[in-house]
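K.L.:
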Amino acid sequence: MAKKTVKDIDLKDKKVLVRVDFNVPLKDGVITDDTRIKAALPTIKYVLDNGGKAILFSHLGRVKTEEDKAGKSLAPVAKRLGELLGKEVTFVPETRGEALEVAVANLKDGEVVVVENTRFEDIDGKKESKNDPELGKYWASLGDIFVNDAFGTAHRAHASNVGIASTGIPTVAGFLMEKEIQFIGDAIAEPKRPMVAILGGAKVSDKIGVIKNLIPVADKILIGGGMTYTFYTAKGMTIGNSLVELDKVELAKELLEEAGDKIVLGVDVIATSEFSNDTPREVISGNIPDGLMALDIGPETVKLFSGILQDAKTVIWNGPMGVFEFSNFANGTIGVCEAIANLTDATTIIGGGDSAAAAEQLGFADKFSHISTGGGASLELLEGKTLPGLAAINDK
Ligand code: ADP
Ligand code: MG
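Sequential numbering of the sequence shown, starting at 538, is according to the working numbering.
(1) For the region 837-846 against the region 796-811, do three or more pairs of beta-carbon atoms, one drawn from each stretch, fall closer than 8 Å, so that the two count as touching?
(2) When every heavy atom of the ligand ADP is checked, does at least one fall within less than 7 Å of the C-beta of Pro857?
(3) In chain order, which beta strand (DSSP E) runs of at least 3 residues are fully inside the region 745-785?
(4) By Cβ distance, which residues of its chain are closer than 8 Å to Pro613, with the 5 residues on each side in sequence left out?
(5) Is Arg573 helix, strand or coil when you go by DSSP?
(6) Go through the region 818-899 residue by residue and report every complete run of the alpha helix (DSSP H) that reaches 4 residues or more, in order.
(7) Where Arg599 and Asp605 are concerned, what is the direct C-alpha to C-alpha distance, given to the nearest angstrom?
(8) Based on Cα-Cα distance, which residue from Asn865, Pro857, Ser779 lies nearest to Pro817?
(9) When every heavy atom of the ligand ADP is checked, does at least one fall within less than 7 Å of the C-beta of Gly737?
(10) Report the three-state DSSP secondary structure of Asp932 (helix, strand or coil).
(11) Might you give, ordered along the chain, the residues of its own chain that have their beta carbon closer than 6 Å to the beta carbon of Phe594, omitting 5 neighbours on each side?
(12) Excluding sequence positions up to five away, which residues of its chain have a Cβ less than 6 Å from the Cβ of Phe905?
(13) Run through DSSP, which three-state label would Thr542 get?
(14) So, are the CB atoms of Val649 and Val629 less than 8 Å apart?
(15) If you compare alpha carbons, which of Gly856, Lys551, Asp661 is closest to Phe683?
(16) Is the region 655-669 in contact with the region 691-708, if contact means three or more CB pairs nearer than 8 Å?
(17) Out of Asp558, Ile752, Ala808, Asn778, which one is the CA nearest neighbour of Ala789?
(18) Taking the alpha-carbon positions, what's the Gly912 to Val641 distance?
(19) Candidates Ala726, Lys645, Thr708, Asp545: which alpha carbon is nearest Leu918's?
(20) Measure from the alpha carbon of His692 to the alpha carbon of each residue in Phe657, Gly889, Leu916, then state which is nearest.
(21) Measure the alpha-carbon distance for Val626 versus His596 and round it to whole angstroms.
(22) For chain B, is any of its Cβ atoms less than 8 Å away from the one on Ile776?
(23) Quick one: does the C-beta of Gly762 sit closer than 7 Å to a heavy atom of the ligand MG?
(24) Are there any heavy atoms of the ligand ADP lying less than 7 Å away from the beta-carbon of Ser811, as far as the coordinates show?
(25) Using three-state DSSP, classify Phe657 as helix, strand or coil.
(26) The alpha helix (DSSP H) spanning Asp723 covers which residue range?
(27) Quick one: residues in its chain with C-beta nearer than 7 Å to the C-beta of Val781, no 5 flanking neighbours on either side, listed in chain order?
(28) Taking Ala591 and Val553 to be in contact with their CB atoms under 8 Å, please state how far apart those CB atoms are, rounded to whole angstroms.
(29) Taking 8 Å as the cut-off, does the region 827-836 touch the region 853-872 (at least 3 CB pairs, one atom from each stretch)?
(30) Would you say the beta carbon of Asp815 is closer than 7 Å to some non-hydrogen atom of the ligand ADP?
(31) Does DSSP put Asn685 in a helix, a strand or coil?
(32) According to DSSP, which residues form a beta bridge with Val699?
(33) Buried or exposed: which applies to Lys624, given that a residue is buried once 16 or more other Cβ atoms fall within 10 Å of its Cβ?
(34) Judging by CA-CA distance, which residue of Asn778, Leu759, Ile758, Glu787 is the nearest neighbour of Lys772?
(35) How should Val820 be labelled, buried or exposed, when 16 other C-beta atoms within 10 angstroms of its C-beta is the threshold for buried?
(36) In the structure shown, what three-state DSSP assignment does Ile706 receive?
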């Protein structure tokens, strides 16, 4: 899966179209978290430092109607980017037309243009999100090189990623994209062993593709979170009022059979009577009685999982072990994070939006080798799917 990156191409005097991920949270026109803008800086700076002119594209939120545009302009992002870069950034409040073309024509080496929210093109027939070929062609016509650094949208074929690339314009990965491909791609294609996957979260149905893809790859698959109880049901155990997907019980049986002893289920849970942080809790081993719902893995399971993790050389974690949003049911997720944090010689990866949020919230984010920035995109990579945005980048 070796893809060309910005380092493999001559940027001098080139108009470089860069698809970044500036999909930042905004409140009343103010950016509440600029992590994504900062994360895009290395690629943007590299382009500028190597003599390129940068034309930046990004979406921001969802835009379906004219009214949706309110508060979704990239203007505040362009302003913040200028502050972070310490240089003038030209913002074009259009996604096409003369103003944009003039701004691009006037660019000198080392200068930056930010184009308005690509999804403003969705109002009139979803041109961006449905990858309208004319739109991709038009954007591609503005530049000489295309750099795709937006991993979070790589699982979607949009005009601003696949559309531009498929015109044949030289297309390379930015540094963020490169990192994602390297970490997740390598962990699946050639993992250092033992490779342990920890899968949790709410639903089996969300993770079927991941489990299936990882059975032949992983040495162990530890299952926690809400999906545990569909597996419990498949084994003929009782689960009280715990989360279950009855239409996935047969499939869970098949997965257990296929995986043999690779799949490891928890042996105990923390259960309570209501979906609440404050109702009394008890540790239950084995069958869960009527009237109780399991909201976290139990202490013996944390020990079991930690023991297996202790030898791991590659860890992929997708899905919290319990309802970590409730402090009383966060211990399972904390325990697993601690076990991973103790590994000194392992590649440890989080793929999954809520898992990343959990690691962040619980204070373990800096203990991982890589936290994927794309929830949906990383899930699809873990499922072994071909991501259209990735596929459209030129091979080395
Ligand atoms: P990710 O985004 O990392 O892939 P998911 O979206 O699959 O994770 O799942 C995260 C959600 O799963 C969390 O909001 C968490 O509260 C929920 N969850 C975990 N364990 C349970 C459980 N036992 N019962 C109900 N919900 C659970
Ligand atoms: Mg999620």
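Ideal placement from N, C-alpha and C gives every residue a C-beta, glycine not left out.
P.N.:
For this structure:
(1) Contact holds between the region 837-846 and the region 796-811, because three or more Cβ pairs, one in each stretch, are under 8 Å apart.
(2) Taking the sequence shown and counting its residues from 1, the one referred to as residue 857 is at position 320. Result yes, Cβ under 7 Å from the ligand ADP.
(3) Every unbroken stretch of the beta strand (DSSP E) spanning 3 or more residues and falling wholly within the region 745-785 is given here in chain order: 757-760.
(4) For the purposes of this step, residue 613 is taken as residue 76 along the sequence shown, with counting starting at 1. Hits under 8 Å: Leu563, Gly566, Val567, Ile568.
(5) Position 36 of the sequence shown, counted from the first residue, corresponds to residue 573. Helix at Arg573.
(6) Runs found: 836-846, 868-878, 890-899.
(7) Along the sequence shown, one-based indexing puts residue 599 at 62. Along the sequence shown, one-based indexing puts residue 605 at 68. Here the alpha carbon of Arg599 sits roughly 8 Å from the alpha carbon of Asp605.
(8) In the sequence shown, the residue the question calls residue 817 occupies position 280. From the listed residues Asn865, Pro857, Ser779, the smallest Cα separation to Pro817 is found for Asn865.
(9) Reading the sequence shown from its first residue, position 200 is the one you call residue 737. Closer than 7 Å to some heavy atom of the ligand ADP: that describes the Cβ of Gly737.
(10) Position 395 of the sequence shown holds residue 932. In this structure, Asp932 counts as strand in the three-state DSSP scheme.
(11) Residue numbering aside, residue 594 sits at position 57 when the sequence shown is read from its first letter. Correct list, in chain order: Arg556, Val652, Thr655, Ser697.
(12) Start at 1 with the first residue of the sequence shown, and residue 905 comes out as number 368. Result list for Phe905: Thr885, Ile887, in chain order.
(13) Position 5 of the sequence shown holds residue 542. In this structure, DSSP gives Thr542 an extended state, which the three-state scheme calls strand.
(14) Residue numbering aside, residue 649 sits at position 112 when the sequence shown is read from its first letter. Residue numbering aside, residue 629 sits at position 92 when the sequence shown is read from its first letter. Not a contact, by the Cβ cut-off of 8 Å.
(15) Numbered from 1 along the sequence shown, position 146 holds the residue referred to as residue 683. Among Gly856, Lys551, Asp661, the Cα nearest to that of Phe683 is on Lys551.
(16) Enough Cβ pairs lie closer than 8 Å, so yes.
(17) For the purposes of this step, residue 789 is identified with residue 252 of the sequence shown, where counting begins at 1. Per the Cα distances, Ile752.
(18) Working through the sequence shown from its first residue, we reach residue 912 at position 375. Working through the sequence shown from its first residue, we reach residue 641 at position 104. Looking at the backbone, the Cα of Gly912 and that of Val641 are separated by about 33 Å.
(19) As a first step, residue 918 is located in the sequence shown; it is residue number 381 there, counting from the start. Looking at the Cα atoms, Ala726 is the closest of the given residues.
(20) Taking the first residue of the sequence shown as 1, we reach residue 692 at position 155. Answer by Cα proximity: Leu916.
(21) Here residue 626 refers to the residue found at position 89 of the sequence shown. Here residue 596 refers to the residue found at position 59 of the sequence shown. Answer to the nearest angstrom: the Cα atoms are 18 Å apart.
(22) As a matter of chain content, chain B is missing from the structure shown, which is built from one protein chain.
(23) The residue you call residue 762 lines up with position 225 of the sequence shown. Result no, Cβ not under 7 Å from the ligand MG.
(24) Counted from its first residue, the sequence shown places residue 811 at position 274. The identity of residue 811 in the sequence shown is Glu, whereas the question assumes Ser. False, no ligand heavy atom lies under 7 Å from that Cβ.
(25) Along the sequence shown, read from residue 1 onward, the residue named residue 657 stands at position 120. Residue state, collapsed to three classes: helix.
(26) Position 186 of the sequence shown holds residue 723. 723-726 is the extent of the alpha helix (DSSP H) around Asp723.
(27) For the purposes of this step, residue 781 is taken as the residue at position 244 of the sequence shown. Same-chain partners within the cutoff: Tyr766, Thr767, Thr770.
(28) Position 54 of the sequence shown, counted from the start, is the residue given in the question as residue 591. Position 16 of the sequence shown, counted from the start, is the residue given in the question as residue 553. Contact check for Ala591 and Val553: beta-carbon distance about 5 Å, within the 8 Å limit, so the pair qualifies.
(29) Two segments are said to touch when three or more pairs of C-beta atoms, one from each, lie closer than 8 Å; by this definition the region 853-872 touches the region 827-836.
(30) Within the sequence shown, numbered from 1, the residue matching residue 815 stands at position 278. Asp815 Cβ: outside cutoff for every heavy atom of the ligand ADP.
(31) Taking the sequence shown and counting its residues from 1, the one referred to as residue 685 is at position 148. If DSSP states are grouped into helix, strand and coil, Asn685 belongs with the strands.
(32) Stepping through the sequence shown from its first residue, residue 699 is reached at position 162. Per DSSP, none; premise fails for Val699.
(33) Against the sequence shown, residue 624 aligns to sequence position 87. By the neighbour-count criterion, in which a residue is buried when 16 or more other Cβ atoms sit within 10 angstroms of its Cβ, Lys624 is exposed.
(34) The sequence position of residue 772 within the sequence shown is 235, counting from 1. It is Glu787.
(35) Against the sequence shown, residue 820 aligns to sequence position 283. Exposed.
(36) As a first step, residue 706 is located in the sequence shown; it is residue number 169 there, counting from the start. In the structure shown, Ile706 adopts coil according to DSSP, grouped into three states.
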